[in-house]
Amino acid sequence: MRGPLIRGNGWKWLLCAPALTVLLLAASGPLLIVLVYSFLSPGNMGGVVWEFSTEGWFRVFFRRDIFEPDLVTLNHAHLTVFWRSIWLSFQTTLICALLGFPTAWFIATRPPNTRTVWLFLITIPFWTNLLIRTFAIQEVIRNNGTINTVLLRLGVIDSPIQMMFTDFAVLLGMAYVFLPLMVLPLYAAMDKMDFRLVEAGYDLYASRLMVLWHVILPQVKPGFIAGSILVFIPAIGAYVTPRVLGGGRTMMLGNLIALQFGQGRNWPLGAALAMLMLIVVVGALIVYLRALGRMEGERRG
Amino acid sequence: MDATDKGEIHIAGVNKVFGQGASAFHALTGIDLTIATGEFFTLLGPSGCGKTTLLRVIAGFEQPTSGSLRINGAEMAGLGPNRRPVNTVFQSYALFPHMTVAQNIGFGLKMLGKSRSEIEATTSDMLRLVRMEALAERRPSEISGGQQQRVALARALAPRPRVLLLDEPLSALDLKLRKEMQSELKRLQTETGITFVFVTHDQEEALTMSDRIAVMSAGRILQLGAPTDIYNAPVNRFVADFIGETNFLVLPVAQTGGAVARLTLPGGNCAEARLPEGMTPVTGTTVTAVIRPEQAAIVAPETGDLTARVESAVFFGTDTHLHLTLADGQPFVLRRQNRPDQQPPEPGAMLGLSLASGALRVLED
Ligand SMILES: Nc1ncnc2c1ncn2[C@@H]1O[C@H](COP(=O)(O)OP(=O)(O)O)[C@@H](O)[C@H]1O
Ligand SMILES: [Mg+2]
Chain A
418 MRGPLIRGNG
428 WKWLLCAPAL
438 TVLLLAASGP
448 LLIVLVYSFL
458 SPGNMGGVVW
468 EFSTEGWFRV
478 FFRRDIFEPD
488 LVTLNHAHLT
498 VFWRSIWLSF
508 QTTLICALLG
518 FPTAWFIATR
528 PPNTRTVWLF
538 LITIPFWTNL
548 LIRTFAIQEV
558 IRNNGTINTV
568 LLRLGVIDSP
578 IQMMFTDFAV
588 LLGMAYVFLP
598 LMVLPLYAAM
608 DKMDFRLVEA
618 GYDLYASRLM
628 VLWHVILPQV
638 KPGFIAGSIL
648 VFIPAIGAYV
658 TPRVLGGGRT
668 MMLGNLIALQ
678 FGQGRNWPLG
688 AALAMLMLIV
698 VVGALIVYLR
708 ALGRMEGERR
718 G
Chain B
36 MDATDKGEIH
46 IAGVNKVFGQ
56 GASAFHALTG
66 IDLTIATGEF
76 FTLLGPSGCG
86 KTTLLRVIAG
96 FEQPTSGSLR
106 INGAEMAGLG
116 PNRRPVNTVF
126 QSYALFPHMT
136 VAQNIGFGLK
146 MLGKSRSEIE
156 ATTSDMLRLV
166 RMEALAERRP
176 SEISGGQQQR
186 VALARALAPR
196 PRVLLLDEPL
206 SALDLKLRKE
216 MQSELKRLQT
226 ETGITFVFVT
236 HDQEEALTMS
246 DRIAVMSAGR
256 ILQLGAPTDI
266 YNAPVNRFVA
276 DFIGETNFLV
286 LPVAQTGGAV
296 ARLTLPGGNC
306 AEARLPEGMT
316 PVTGTTVTAV
326 IRPEQAAIVA
336 PETGDLTARV
346 ESAVFFGTDT
356 HLHLTLADGQ
366 PFVLRRQNRP
376 DQQPPEPGAM
386 LGLSLASGAL
396 RVLED
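Here's what the structure looks like:
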């Protein structure tokens, strides 16, 4: 009995060889190139010169005076962008979680045959190009856009509210774009949830809030974890949304990196920023999962 | 306090209709029921007869379409399950998978806002009561089905409800474990003095455990009474058939008088049969009479009330079921206790049957 099984396992790993090859070439390859580039010198017209240098990494955090290269100050512009990226992505994740939970709950409590319809509706925005959706949001919130026009006509406000090119605009755009990525894993978790446990909670004198906190949330936690990872990671590297809705003033990491590879003509700096973003994301993930593990440990202990 | 206020649970004219219009389904029809404090009360009926629905109405998970429900004198309409002094042991146990056994048991007390020390004390009492002390820190997924069952019981008992509702709690257990849990449940009920409302489709379970039984069918209560009443005096064909085994005999009426009638048995002898209240069948018509398989004894041929031919014998361990044919061709099952010195009769043999006095009953329908 065991013989064929072991032999079977011997070649079965080959089934994932195509995927592994693609992953290795498509993910590790470019990553390696970026890592190497970050330690080279910038070329005059972009590109890199094959000359070892730590200047790219240095410039991520510090800046040199143009006239006196030895005068070194912290690069506040970069640090601001870093902080804004993390903070906006965090807020986006939070907003998506707060809006996504009731949405997913609504879908999961529909009769089974209508759930597909609701899920389908949730995924409809995916059919439209991201750029078009982002411009649609711009159309709604710009100074002579829908909201401001209506409010002006109604006489609620005298002059348009400046919403474009603010953190708010970026947040709104990102929450809108990433919401389905939170709803779908949350729904999947709720779909697997045993609703009889909710009844058991009520039966044991829990109020609605207590049932939510002690019974439902622990059950859908895997959905929250998957959803927040799916939202946070693309949010921190978002390019289109902050570009269109945030403009040059509320730049995020993705825009800063693109800038270095474009107008900035400093590929090593761009590469170093990209590596740093990777480190931030992996770091955030580790902190997040550790915190969850600790919570779990406390619950058990 | 008027008479209807007596008892723990008082249900009056409860109806439950699922759906509306053409697709409306009457799950409960005209349920009237008073369950006494400290009683072990059983709802018995085939699958789909509305037992769970009635239990859910009592627990507060379903609102009755009409009728009233009072628990300990208080009207329950509009109160959610978390505000009724009632706990449920779910058929699926519904233990919280992310909590330990001890946390599951303490959950109700925690939600009631009891102090930490009180929760701990009660939890360990409960663990001891269901003999689960050693597994307090395990997760539900790490214990067996029978153990989960006991945790579910302890969790429902911990807040000391006035009433414990149990929805087929033993149906998922194997026979031996089920027998064990039956006596365990009885012990817990006696020790705690809590009113138990127990749901089962297993008539034997109902007969052995209950103080009183309500036999249900198609959303109605057909008969309400002590196990012996229901077994010995089933009101109609459904109850007679559902509870235990029964021989149905179609017999002509020879004579009536008072509460009994004389029926003509196949072969010509007459026997007295008890009549249901208010029924006086006309002489010469036929009625259906019932008799339990163990209430007839084998005697020498031609000396008893009936003569029967043996068709087959089925061995059941404690007893043997003899499938017989009476003189007019009606089938008759006889249950005879086994003894090592007795051989079952051969198929084709002729036997005499003597009916126990009072064993024969006429059915209303
Ligand atoms: N929520 C519901 N909607 C519609 N019909 C229901 C619902 N709950 C139960 N029923 C119906 O009511 C009848 C009684 O169900 P139930 O009380 O679960 O029976 P039992 O527990 O005796 O097996 C069944 O025919 C069932 O299909
Ligand atoms: Mg049921």
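Protein chains in written order, with our numbering: chain A, 418 to 718; chain B, 36 to 400. Here a beta-carbon is modelled for each residue, glycine too, at the ideal position from N, C-alpha and C. In this text the structure is predicted, and so the values were computed from the model without any measurement.
| query | Residues in its own chain within less than 6 Å of L702 (chain A) by CB, not counting five upstream and five downstream? | reply | none
| said: On the DSSP bridge list, what partners appear for H495 (chain A)? | reply: Answer is none; H495 (chain A) lacks a bridge partner.
| task | Can you say whether S218 (chain B) is buried or exposed, counting buried as having 16 or more other CB atoms within 10 angstroms of its CB? | result | exposed
| Min CB distance P635 (chain A) to chain B below 9 Å | yes
| query | Can you name the residues of chain B whose CB is closer than 7 Å to the CB of D608 (chain A)? | reply | Going along chain B, no residue has its Cβ under 7 Å from D608 (chain A), so there is no contact; the nearest lies around 16 Å.
| message | Give me the chain B residues within the contact set of D584 (chain A), using Cβ-Cβ distance strictly less than 9 Å, ordered along the chain. | response | Here the premise fails: no neighbours, minimum Cβ distance about 37 Å.
| message | Between the alpha carbons of Q555 (chain A) and V661 (chain A), how many angstroms are there, rounded? | response | 8 Å
| query | Starting from V198 (chain B) and walking both ways along the alpha helix (DSSP H), at which residues does that stretch end? | reply | Taken as a continuous stretch (DSSP letters only), V198 (chain B) belongs to no alpha helix (DSSP H), being part of the beta strand (DSSP E) at V198 to D202.
| When the Cα atoms are used, what is the spatial distance from I512 (chain A) to D487 (chain A)? | 44 Å
| request: Find the nearest neighbour of M610 (chain A) within the set B:V285, B:V165 and B:L130, judged by alpha-carbon distance. | output: B:L130
| said: Looking at I93 (chain B): is its Cβ nearer than 9 Å to the Cβ of L212 (chain B)? | reply: no
| request: Could you work out which residues of chain B lie near M627 (chain A), taking near to mean beta carbons separated by less than 8 Å? | output: M146
| task | Just the C-alpha distance for F537 (chain A) and T526 (chain A), rounded to the nearest angstrom, thanks. | result | 16 Å
| Per DSSP, cross-strand counterpart(s) of F76 (chain B) | B:V232 and B:R247
| field | For G464 (chain A) and I650 (chain A), the rounded distance between their alpha carbons | value | 27 Å
| Extent of the continuous beta strand (DSSP E) to which A331 (chain B) belongs | A331 to V334
| query | Going by the beta-carbon positions, is the gap between R396 (chain B) and A268 (chain B) smaller than 9 Å? | reply | yes
| query | Out of A:Y604, A:V451, A:D482 and A:L596, which has the shortest C-alpha to C-alpha gap to I402 (chain A)? | reply | Any answer about residue 402 (chain A) is impossible in this case: the structure gives chain A only from 418 up to 718.
| message | By the three-class DSSP mapping on this structure, what secondary structure does F283 (chain B) have? | response | strand
| request: Look up L589 (chain A) in the DSSP assignment and say whether it is helix, strand or coil. | output: helix
| request: Would you mind giving the Cβ-Cβ distance between P602 (chain A) and L547 (chain A), rounded to the nearest angstrom? I have them listed as a contact below 8 Å. | output: Contact flag wrong, Cβ pair sits at about 20 Å.
| Any heavy atom of ligand 2 closer than 8 Å to the CB of V92 (chain B)? | no
| request: Any chance you could list the residues with Cβ under 5 Å from a heavy atom of ligand 4, keeping chain order? | output: Of the ligands one can find in the structure shown, namely ligand 1 and ligand 2, none is ligand 4.
| query | In or out: G482 (chain A) buried (at least 16 other Cβ within 10 Å) or exposed? | reply | One detail in the question is off: residue 482 (chain A) reads as Asp in this sequence, not Gly. Flag for D482 (chain A) reads exposed.
| Would you say G420 (chain A) reaches chain B, if we count a Cβ-Cβ gap shorter than 9 Å as a contact? | Residue placement at G420 (chain A) cannot be trusted, given a pLDDT of 46 that sits under 50; what the coordinates show is reported in the next sentence. No, its Cβ sits nowhere closer than 9 Å to a Cβ of chain B.
| task | Please confirm whether V288 (chain B) and T318 (chain B) have their CB atoms less than 9 Å apart. | result | yes
| query | Taking 8 Å as the line, does the beta carbon of D202 (chain B) fall inside it for any heavy atom of ligand 2? | reply | yes
| message | According to DSSP, is P659 (chain A) part of a helix, a strand, or is it coil? | response | helix
| message | Using beta carbons (cut-off 9 Å, strictly below), is A675 (chain A) in contact with chain B? | response | no
| query | Helix or strand or just coil, what does DSSP make of N561 (chain A)? | reply | coil
| Cβ of Q126 (chain B) within 8 Å of any heavy atom in ligand 2? | yes
| said: Can you confirm whether the segment 636-644 of chain A touches the segment 152-162 of chain B when touching is taken to mean that 3 or more C-beta pairs between the two stretches lie within less than 8 Å? | reply: no
| field | Residue from B:F75, B:I46 and B:A137 whose Cα sits closest to the Cα of T69 (chain B) | value | B:I46
| field | Min CB distance D482 (chain A) to chain B below 9 Å | value | no
| field | Buried/exposed call for I265 (chain B), threshold 16 Cβ in 10 Å | value | buried
| List, in order along the chain, the chain B residues whose C-beta lies closer than 8 Å to that of V632 (chain A)? | F131
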